[in-house]
Structures are given as C-alpha cells and as structure tokens.
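Chains as they are written, first to last, in full-length UniProt numbering: chain W, 1 to 592; chain H, 1 to 592.
For each residue, glycine too, the CB sits at the ideal point set by N, CA and C.
Treat the numbers as computed from the prediction; the structure is a model and nothing was measured.
Worksheet: one structure, shown below.
2 protein chains.
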Amino acid sequence: MPSYIAPTKDMQFVLHEVLNAAETGIPGYDEMEADFTGAVLEEAGKLATEVLAPLNTVGDTEGCVLENGVVRTPSGFKEAFKQMQDGGWTALDCDPEFGGQGMPYLLNTAVGEIFVGANMAFNMYQGLTHGAYSAIHTHGTDDQKATYLPKLVTCEWTGTMNLTEPHCGTDLGLMRTKAEPQDDGSYQITGQKIFISAGEHDLADNIIHLVLAKIPGGPEGIKGVSLFIVPKFLVNDDGSLGARNGVTCGKIEEKMGIHGNSTCVMNYDGATGFLLGEAHKGMRAMFTMMNEARLGVGLQGYAQAEAAYQNAVIYANDRLQGRAVTGAENPDGPADPLIVHPDIRRSLMDQKSFVEGARAFTFWGAHLIDKSHRSDDKDAEGLVSLLTPVIKGFQTDKGFEMAVQAQQVYGGHGYIEEWGMSQFARDARIAMIYEGANGIQALDLVGRKLAQDGGKHVMAFFELVKTFIKDNGGDEAFDKAFLDPLKAASKDLQAAGMYFMQQGMKNPNNALAGSYDFMHLFGHVCLGLMWARMGLAAKTALDGGASDAEFYETKLATGRYYMARHLPATKMHLARIESGADTVMALDAANF
Amino acid sequence: MPSYIAPTKDMQFVLHEVLNAAETGIPGYDEMEADFTGAVLEEAGKLATEVLAPLNTVGDTEGCVLENGVVRTPSGFKEAFKQMQDGGWTALDCDPEFGGQGMPYLLNTAVGEIFVGANMAFNMYQGLTHGAYSAIHTHGTDDQKATYLPKLVTCEWTGTMNLTEPHCGTDLGLMRTKAEPQDDGSYQITGQKIFISAGEHDLADNIIHLVLAKIPGGPEGIKGVSLFIVPKFLVNDDGSLGARNGVTCGKIEEKMGIHGNSTCVMNYDGATGFLLGEAHKGMRAMFTMMNEARLGVGLQGYAQAEAAYQNAVIYANDRLQGRAVTGAENPDGPADPLIVHPDIRRSLMDQKSFVEGARAFTFWGAHLIDKSHRSDDKDAEGLVSLLTPVIKGFQTDKGFEMAVQAQQVYGGHGYIEEWGMSQFARDARIAMIYEGANGIQALDLVGRKLAQDGGKHVMAFFELVKTFIKDNGGDEAFDKAFLDPLKAASKDLQAAGMYFMQQGMKNPNNALAGSYDFMHLFGHVCLGLMWARMGLAAKTALDGGASDAEFYETKLATGRYYMARHLPATKMHLARIESGADTVMALDAANF
C-alpha cells in the first residue's frame, strides 16, 4: 500500500525563504512565523500519514454505495472526518465571526496540499464545503450567514456546487433547471444536476446545495442564471433541522477514479431554495469564488504527483534490477536498485522538479489571493486572475503526466491495483476535467485574461520576470543555470503573445488554435520563475553558511534540472502556436 | 457505449498507395492485390464492429473470475472466440504446413489493428497464442511442431509467455524458477510466474505455456535461462489430451485495465516441461520473436488511440456547447457542436495525425519483417530491429496520450465509465509497460540498436530519409509543408546521435540520460517520414486526377498538421538530450 509523508520542509522553504510570508505586511501574516507554520504543517502531516493516507486505497476499493436514497461512504471515512473536524482543520482560514480561525489562505493551501496528497477523494468533502462557505460568506444576507456559516465552518454540515446538467457543462446558458418564485420569497427548484461531488453522503447532518437555476421570465442564456441555497434539510428558525427538502440523489456515477467521493446525479423536485446574491447574477457569484476553486484543483494536480513521486522513490530504492552501466553500486546484492539507472533518474527528476516548482507557484498564487483580499490589492487580484487558468490547466495536465511517470517506475506492478500507483493516475485524471476542463482554462487565459484591463496584468508579469533577472544577475553560474533559460523562455512567451495580438486580429482562430500551447508555455515560464526564485533563496542560504547545505544544494540541483530539461518545451509550444490556425481548421467536420 | 468502425480505406491507402504491397516482389505479396486485401479487411471489420466492439465494455465491467482454479472469461467471449476461429482469423499468417493460410505478416498486422481497436483485451488471447506459435515454429523439433502447431494455429489451444517473477521483470537473470532434468528427457518445472496474460481461461481445451526457467548447474544469470513448453494438459501420442499438468493459476490480478484478459499468477509445482530450442539459450529464443511481439504492442498503442478518436469525433459532432467565435455554425440549434471550436480541433487533429502516421509506420515495420523473413533481406532485418523499440515505445506513449486527449473531449462524461472513454485510456496504459517497459525500449534503442553492425542501420535510415527528400523535392508547396520540416527533424536526430557518440564515450550516462528523449525524437522523425510518403502518394493521386479528391486533400491537410504541430517536438528532445547527464545524475539517492 502506498504511503504519504507531508513534505513540510519543502513547504517551509517556500513559505519562509521564497515568499518570506511573515514579513510581507499582509494583515494576518504576522502570525505566519516559521515556528508556527511548521507546527501546523507537522500536525496536519501526522493526521495525513496516520489517518488519511491509509484510507486512500480503502476509498478507491470500496467506493460509495447508494442504498434507498442514502449514500454510504467507505469504511473509516466517518471517523476520519470527525478527526478532521475535531482538529479544527475545516475552520483554518474561515472568518472568526463564524467560528473560523482567520488564518491566511496561504496556510490553508499548504495544509490542503497535505490532505489532498494523502487522500484526494476524502478531502473533497471538505473542499466543496469550503466553496459553499465562501459563496455564502461573500454573497449571503446576514441571516443566511448566521444560519449556514457556523455549521459549514465546522463541517457539521457540508456543501456542494450544482452547475452541470446532462446536456450542458461548459455552456451553462443552456441550463434547464427552473426556480419558481414563491409567495414567501423562496423558490421552488426543479431540474436535474449531474456530476455533483459529495452530493449525498453519511458524513454530516445536513448538506447545503448551492444550485444554479433559471427564474422563468429572466434573460435568455447565461445572463438569466441565478444561484440558490437548497439545504437537504430545511433549517428551522432556532437552527434545528426541519423538513426533508425535495432534493434526492438519483444515482452515483461509476468513475475512473476518486471512488471515495460520491459523484451524484441530484434530482430537484420542487425543492425549496433561497436566492443567494442577486437574481440573474448567479454566474457572477460563482466567478468570485473561481480563482480559489481553480487554484484548489491546480493543487490537486501536483499534490497527486507528489504522493505518487514519494512512492516511486521508495520503489526505485528498494527494487533491485540490473546493474549501473558505470559499475555495480550494490555489489553484494543480486542487482542494483532501480535508482542507479539514468532513465529512472530522468523520470524521478522530471517529477520532483515539476512538483516543487508547482508547489511554489501555487503558494505564490495563494499569497496573491491573500494580498488581494486582505490588503485589497487590485494588482495582486489582476495578476492572480491571469495566473489562475495556468495554475489549474498546466498543473493538472503535468500532475497527471507525472503520476503516470511515477506509475511507470513500478513496471508491471504499477498497473496492478494492489500497489496503489494506478489510483494516483486515475484520481489525478479528474483534475484536468472538472472546475472547467483544461481547454476552457486555455480559452479563459487567451480569450479573456490576456487582454483584461488592457493587458495590464500580463505586462506586469513580464515586468516582474524582467526585474527579477535584472536584480539578481551577475553570478555567472547562476545566470547560466537559471536566469538565461528563464529569459529565453519568457521571450518565447512574449513572442507568442505578440503573435496572438497580430494574427488574432486578422482571425481569432489564430489565437484560439494556440491557446492550449500558450497555457503550457506560460506554465513553464511560471515554474521557471519559481525555480529561479527558489534557486536564489538556496544560493543565499548557502552563501550565508546555512548548516543544512545538502538541502540547499539539492534545491539548486533540482532547479538546474528544471531549467535544463523542462524549459526547452517553450520553443516547441511557440512553434506550434506560430503555425497558426490554418492546419488546425483545414478539415470539414465530415472529414475527421 | 463506444462504437468502432475499421478504418479500411485508410489502411488500403497505406498498403497500396504508400507501400505498393502487391508490386514489391516479396514472395507471397503477389496475392496482396487491393481487391483481395480490401475484402479481407472489410470482413474483419464486420466481425470487429458487430461482435468484438460490443464486448469491449462487457469485458471491462465483468472482468475475469477465478473460482476453484478455473477462470471464467466475460459473457460472450467464448462465442466470439469461436467466431474468430471459425472465420480462420487465427491462422491468417501461419504456416500452411500446419493449417495456416500463409498470408503476409503485413496483412495480419492490418487485421490485427482492427481486432485490437475493437477489443484489445479479447484479442490478447489470440495474440499470445500467436507468440507461442512463432516460438515453437522457429525453435521446436519436428515432433513439437506436429504436436502443438496445428492446434495453436486454430486457437483450439492457446498459448502464453512466462517470463516475469515477483522479484524480477526486466532483469531476468535473477530468475528462480527451476527446471530439473528427468530421465525421460523432460524437465520438472517449479516456481512462480506473475503477470501471465491469458494464463488460465475457459476459451480453449488446452493452454500451452512457454516458460523460462533455469536448469540447475547451468551458467549464472541470464545466460543460464532455458525455454520450456509446459502444457496445461499433457498431450498423448495420438494427440488427445492426457493428464492435467502441475501448473495452476493462483490468482488473477486486479488491474487498471484490460479486465477482459486474465492476468494470472501461475504456480509451477513440478510441472512436466519440454525443452524448446537449446538449453541455456532461452533468451535468444525469446529474442527471435521480439520484433514481432513489440511491433504488436506498438500497434496496440495507436489502435486504442484510433478507437478513442473515432468516438471523440462522434461526440464532438453531437454535443452542442458554445458558439464558434467566428459566428454561429448551427444557428437554428441551441448551440454549435464542439467540433467548431479550435481547441477541440487541435486535439482531434493531434489524434488523427498521430494515428494515421503510426499506422503507416507500423505497416512499414511489418513489411520490413516480411521482407527479412520471406526474402531473407538482412538490411530489412537490421532496419526493423532498429525501428522496433521506436514503434513500441514511442507509439504506446503517444497512443496513451491521445486516448487521454480523446477522453478529454468528453469533458466530465469522459471520466464516467458509462461512456467508455476511460477504458480506452486504462487499456492503452498497459502497452507502455509490458513487452519491455518503454524505458527499456529506449535503452535497447540507444544502448544496443544504434551501434549494431557498426551503426550501419541507423546510417541506412538517414540515407533513406535523405534520398526521399532528394528524389521528391522541387514542388515548392510540398517542400515547404513536408520535406523541409522532415529535413530539419532528421537533422535534430542526427545531432542527437552525434552527441551520444561524442559524449557517451566520455560517460555512458550522457547517452542513457537522453535515451528516452531520443526514442521520442526518433519516433517523430519516423512519423514525419511516413507523412511525407503519404503526402507524396496523395499528391500523386491528385495530380493523376483521382476521383476521390476529398480523401487525398484530407490526407494532405492531416499531414501538414503533423509536420507543423508534432514535429516541433524534435528540437525540445534534442535540447533535453544535449543538456547531458549532469543534471540527471546530480543527486544522491537519499536526496530524492
């Protein structure tokens, strides 16, 4: 069975030596001293290793079962969920006014990586609840907040997001679910929603569904969509649970992975719902939570890769097979461990350098979200808006790819469910799809975010890269290994942006046909920037005579690998982009 | 449920307009007239569409069940297997002396793509049997041939290959299974073999296991391995079935995919075995079948991608979601079909251009194998030896990647087992692992094949590319779209080879650390060459006033896409290769 150890040291390095969290002056960040965050991460790691990780295979094997309208979660999930609640983990970055601990989102993100790495399907119950919490916190009335938030903060009640219907996922304007206004100000919700994660389960007393639906007579299409709170059990004025609402789980989907999470078809039969935010502004309400939700999925991508990587390293050290070409390294044994072989190292270094880069990128994104929320920093908000589709799309593609590589290290054993490596790949696969399939992320990036506010944020990004290179150049070895490749990659990204500006004017397909490659190109530059920042931090520590030289040397070596072996992808993506839309759009639909 | 239609027209194009099969003068190829192969492929396609494809989901869902030592295959497999036998499909390229039809391996390969595309797990029962047939045909005594071949040709009996043991897969020198010589000239085989595809099942009266084992007292390691025939039921002198042999299935593995095939742990408890070929030359005997076996797995890679692609195209045409950015294309419907969107086309073109290129490459490989076997052409044998790890490694990596892309077209529905797209990805995944994991293919390519016969075959490959470009240049549009990119890619491959020669001398790790990228670089150049050849054939047909202009225009457009959008990968692989082994080997094992 696979194991999981929280990479707390690597996390601390990003928090304190790269982002210098405690010194940023963001309200609430003064608590983020290294001792404190270290203690929190260690504690989360304990829960992850001892409780959540052992349940990961259980969840995959048992799955969720629907019987008589009730969903049974896998053995042990209930007890583990209780431990998660008791430890206060569900309340970490929630508003103290409603029982939260008010910690930065950044810290919540780091803790989230640990829980997701240990058991992604399990952690979704809490993750969806946090989404519902955020939506009600931002758009709810005082009454709604008082009614729902305290219970969502503790996860005594959990939450869901209901967007997709059988005939529409991306194009929610086609939605058919109806919300009929009632005399008492409530609405009757009728329709079917599919792919509802944690739609029904046995972990909580109540489930608060957030449901997108159309109020009859409203505007056509996406502009006529409103957001509703539809509790499984209606809540009495005294806060106790009242009548069972008209919402039921019709089916649990059989999926490729995340079996431990119940993915439900939800049927709304005149269920009582309460408008959340303004009528017909449902999509806008969803969008305010989107950066966090998508960052959370981008995190799943690399967190699964981290978990898979950890196990691949163990196997590569244990499994004896073949001899090093440069001479036996385990001469007393029957063979050398796999890890002596250059191609196994190539694979492990691909994984390691991606995961550590993605972690830094994700933490930086969370840091920008805090900056925008806590310091009302519009530039930070604009920048993280731009980066969010990259974090989501690039990291989940690469995360899956790396989980597959980790599985590959096991040879035939990687294909056998017994060893657990297949689950990492199967679970990671969903992150490329939900919360906006990655093609949609690319479209969002190129079609909306690039030009947002007159292209201000992408210019700011390039400026940031340029300044970093300018400010930190001069050390020949560092320049050559880190800054020169970053500069070249950034130039490729700028060239791609320029191509879109010039050719997209002539025909928007020239931009859209390159959107996916642009997202990946951007992702490489971002991870290149993060590695340059991590490399600099490591160099600074070494120059300062840090006692743990091996740790920092390893960081530098891993960064050098990323720059030498991942970044060359930027030229390929640029070449694909610059080939334009002609070859992409050449065929009639009938000739595919 | 997914569907499958044999792409017979595309296959015929490769057979007759690219490879000009009937005119090659290879013994037996004179029968390969277009009418004949067309009829065979249509007939195979009928069986595939009507019988095998509908059983693909059944196989995945039901899997194989072991009860009291007997394995039950999924519903319908038995009847389908009977139809496969009755149609003579199992005997297609087998020796007429033993009941085969003596057709070229090339035709068998084309038919194989159809069956594998329709139902990969099902087709493995026959595929493994064909491997056992080949081994006995090549290395068996006259008695052994007479005893086993007629039954293997018809698949009344099936075959298996037993190599892997729990502690050794790649490194078979560590093998522990023992073969004790008996007075009657037979051997007693004792040991455990794992991952034995079709090791036990209910489709045939007898199962002929080919088992690698060590005769005590023989040479150490891989040089002391011998190959044995171990029938499930011993065969009496009159050909009837005798005593049950001491070989049993201990367990069926739970796998990520190919559930329809029984992957068995096989226990040999003093089972009676008969030496096949020479003692201690078991690996050599295995190697003689390796090109075919590996080509067969490379075929699985793109055949699964083809099946997944076909369904992605159907979905992209059916599913209405969003509007084309250049204006509504289905103005009377609620939305446009997915296929109007550039990023969906980018994905479909990636798939289509890969699959068609891979088909041509695989058929060319099969053609070279026929040439080497039927015309005793040593150059063809050397060339296909060189190309085999590329066909296997590159095509299964890409095949999986493309199946994942096809799955992605379905959005959330791609993750739900009901739609069948997950199965294509899960089934395709194994092809990257078995028959030598792809890292081993890369090692075989760079460590053995490149330098084989003094590098003669790789030089011949480059010469072939050069000659093709020289002979067919002069048409500006064709040069620009096809020959120039091929030339550039081939130059990258040569530069990589040069790097290995120069730097690999200093340190072999410089070559091995780049082996995986080299395999992919090589794959791109091969598919580039195939597309140039297909492009030329299409151009020739159009210049000759072919009636089906749309078919040939589509070929040219698809080829242009491959050259513009796939081939830029060669520069990335070269850059990774030229970064050498330093960053790959930098870390101590403890620092991963």
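Exercise for review: Mind the definition here: the stretch 523-540 of chain W touches the stretch 467-482 of chain W only if three or more C-beta pairs lie below 8 Å; say whether that holds.
Suggested key: Judged by Cβ distances under 8 Å, the stretch 523-540 of chain W makes contact with the stretch 467-482 of chain W, as three or more pairs qualify.
Practice item. Within its chain, find whatever has a CB closer than 6 Å to the CB of G270 (chain H); leave out the 5 residues flanking it on each side and keep chain order. Key: Around G270 (chain H), the same chain offers Q188, T190 and G246 as residues with beta carbons nearer than 6 Å, after the five sequence neighbours per side are excluded.
Review point. Quick one: is K232 (chain H) buried, meaning 16 or more other Cβ sit within 10 Å of its Cβ, or exposed?
Key: Burial state of K232 (chain H) is buried, judged by a 10 Å Cβ sphere holding 16 or more other Cβ atoms.
Review point. So, using beta-carbon positions, are I433 (chain W) and G412 (chain H) closer together than 8 Å?
Key: For I433 (chain W) and G412 (chain H), yes; Cβs fall inside 8 Å.
**Study point:** the stretch 137-146 of chain W contacting the stretch 300-307 of chain H, beta-carbon criterion three pairs below 8 Å
**Key:** No, because fewer than three Cβ pairs between the stretch 137-146 of chain W and the stretch 300-307 of chain H fall closer than 8 Å, the two stretches do not touch.
Exercise for review: For P166 (chain H), count neighbouring Cβ atoms within 10 angstroms of its own Cβ and tell me buried if that reaches 16, exposed if not.
Suggested key: A residue is called buried when at least 16 other Cβ atoms come within 10 angstroms of its Cβ; P166 (chain H) does not meet this threshold and is exposed.
Point to revise | At least three beta-carbon pairs within less than 8 Å, the stretch 39-54 of chain W to the stretch 102-115 of chain W | key: The way I'd put it, the stretch 39-54 of chain W does touch the stretch 102-115 of chain W; three or more beta-carbon pairs between them come closer than 8 Å.
Check your understanding: Roughly how many whole angstroms lie between the Cα atoms of L493 (chain H) and D492 (chain W)?
Key -> Near 23 Å, if we compare the C-alpha coordinates of D492 (chain W) and L493 (chain H).
Review point. Which one of H:G393, H:L383 and H:E17 has the shortest CA to CA distance from I430 (chain H)?
Key: Closest option to I430 (chain H), Cα to Cα, is H:G393.
Check your understanding: From H:Y516, H:A135, H:T147 and H:L295, pick the residue whose C-alpha is nearest to that of L227 (chain H); which is it?
Key -> Out of H:Y516, H:A135, H:T147 and H:L295, H:A135 has the C-alpha closest to the C-alpha of L227 (chain H).
Point to revise | Through-space distance from N56 (chain W) to V70 (chain W), alpha-carbon basis | key: Their backbone Cα atoms lie some 22 Å apart in a straight line.
Check your understanding: For M161 (chain H), which residues does DSSP report across the bridge?
Key -> Beta-bridge pairing links M161 (chain H) to H:L210.
Point to revise | Nearest-angstrom Cβ-Cβ length linking P27 (chain W) and S375 (chain W), presumed shorter than 8 Å | key: Right, their Cβ atoms sit about 7 Å apart.
Review point. Taking 8 Å as the CB-CB limit, is T57 (chain H) close to chain W?
Key: Under the Cβ distance rule, T57 (chain H) does not count among the residues neighbouring chain W, no pair being separated by less than 8 Å.
Review point. When we look at the beta-carbon of M1 (chain H) and count the other beta-carbons within 10 Å, is it buried (16 or more) or exposed?
Key: Label assigned to M1 (chain H): exposed.
Point to revise | C-beta neighbour in chain H for E550 (chain W), strict 8 Å | key: For E550 (chain W), the answer is yes, since a Cβ of chain H falls inside 8 Å of its Cβ.
Point to revise | Touching by the beta-carbon criterion (3+ pairs, under 8 Å), the stretch 96-103 of chain W and the stretch 165-185 of chain W | key: No, because fewer than three Cβ pairs between the stretch 96-103 of chain W and the stretch 165-185 of chain W fall closer than 8 Å, the two stretches do not touch.
Practice item. Specify the secondary structure class of V325 (chain W) as computed by DSSP and reduced to three states. Key: The answer is coil: DSSP assigns V325 (chain W) none of H, G, I, E or B.
Point to revise | Validate contact between the stretch 271-286 of chain H and the stretch 351-364 of chain H using beta carbons, cut 8 Å, 3 pairs | key: Output reads no: the stretch 351-364 of chain H does not touch the stretch 271-286 of chain H.
Exercise for review: Please go through the stretch 345-427 of chain W and give each complete alpha helix (DSSP H) segment of 4 or more residues, from N-terminal end onward.
Suggested key: Qualifying alpha helix (DSSP H) stretches, in chain order: 378-409.
Review point. Do the stretch 534-545 of chain W and the stretch 501-509 of chain W touch if we need at least three Cβ pairs shorter than 8 Å?
Key: Between the stretch 534-545 of chain W and the stretch 501-509 of chain W there are fewer than three C-beta pairs closer than 8 Å, too few to call the two in contact.
Exercise for review: Leaving aside the five residues before and after T154 (chain W) along the sequence, list all residues of the same chain whose C-beta is less than 7 Å from its C-beta, in chain order.
Suggested key: Q85, T90, A91 and G99, listed in sequence order.
Exercise for review: Would you please verify whether the beta carbon of N509 (chain H) is less than 8 Å from any beta carbon of chain W?
Suggested key: Yes - at least one Cβ of chain W is within 8 Å of the one on N509 (chain H).
Check your understanding: Any beta-carbon of chain W closer than 8 Å to the one on M11 (chain H)?
Key -> Taking a beta-carbon distance threshold of 8 Å, M11 (chain H) does not count as an interface residue toward chain W.
Check your understanding: Going by the CB atoms, is the gap between F482 (chain W) and G260 (chain W) shorter than 8 Å?
Key -> Not in contact: G260 (chain W) and F482 (chain W) (Cβ atoms no closer than 8 Å).
Review point. Which value, in whole angstroms, describes the spacing of the CA atoms of T49 (chain H) and D35 (chain H)?
Key: CA-CA distance, T49 (chain H) to D35 (chain H), rounds to 21 Å.
**Study point:** Opening and closing residue of the alpha helix (DSSP H) in which P231 (chain H) lies
**Key:** It is not in any alpha helix (DSSP H) - P231 (chain H) instead sits in the beta strand (DSSP E) that spans V225 to P231.
Exercise for review: Determine the closest residue to G322 (chain W) out of W:A312, W:P334 and W:I314, with distance taken between C-alpha atoms.
Suggested key: Out of W:A312, W:P334 and W:I314, W:P334 has the C-alpha closest to the C-alpha of G322 (chain W).
Check your understanding: Helix, strand or coil: which one does DSSP assign to M266 (chain H)?
Key -> In this structure, M266 (chain H) counts as strand in the three-state DSSP scheme.
Practice item. To the nearest angstrom, report how far apart E588 (chain H) and L210 (chain H) are at their CA atoms. Key: The sequence given here has Asp at residue 588 (chain H), not Glu. Taking the straight line joining both Cα atoms gives about 41 Å.
**Study point:** Neighbour flag for N123 (chain W) against chain H, beta carbons, 8 Å
**Key:** The beta-carbon of N123 (chain W) is placed no less than 8 Å from the nearest beta-carbon of chain H.
Exercise for review: Give the residues of chain W in contact with R294 (chain H), contact being defined as C-beta atoms less than 7 Å apart.
Suggested key: From the beta-carbon of R294 (chain H), no residue of chain W is found nearer than 7 Å; the closest lies around 16 Å away.
Review point. Quick one, are the C-beta atoms of residue 660 (chain H) and T158 (chain H) less than 8 Å apart?
Key: Any property of residue 660 (chain H) remains undetermined from this structure, which presents chain H solely from 1 to 592.
Review point. Alpha carbon to alpha carbon, how far is T362 (chain H) from F122 (chain W)?
Key: Near 44 Å, if we compare the C-alpha coordinates of F122 (chain W) and T362 (chain H).
Review point. Could you give the distance in angstroms between the alpha-carbon of V525 (chain H) and the alpha-carbon of K9 (chain H)?
Key: Rounded to the nearest angstrom, the two C-alpha atoms are 25 Å apart.
Review point. Which residue from W:P568, W:K251, W:L383 and W:Y552 puts its Cα closest to that of E17 (chain W)?
Key: The candidate whose alpha carbon is nearest that of E17 (chain W) is W:Y552.
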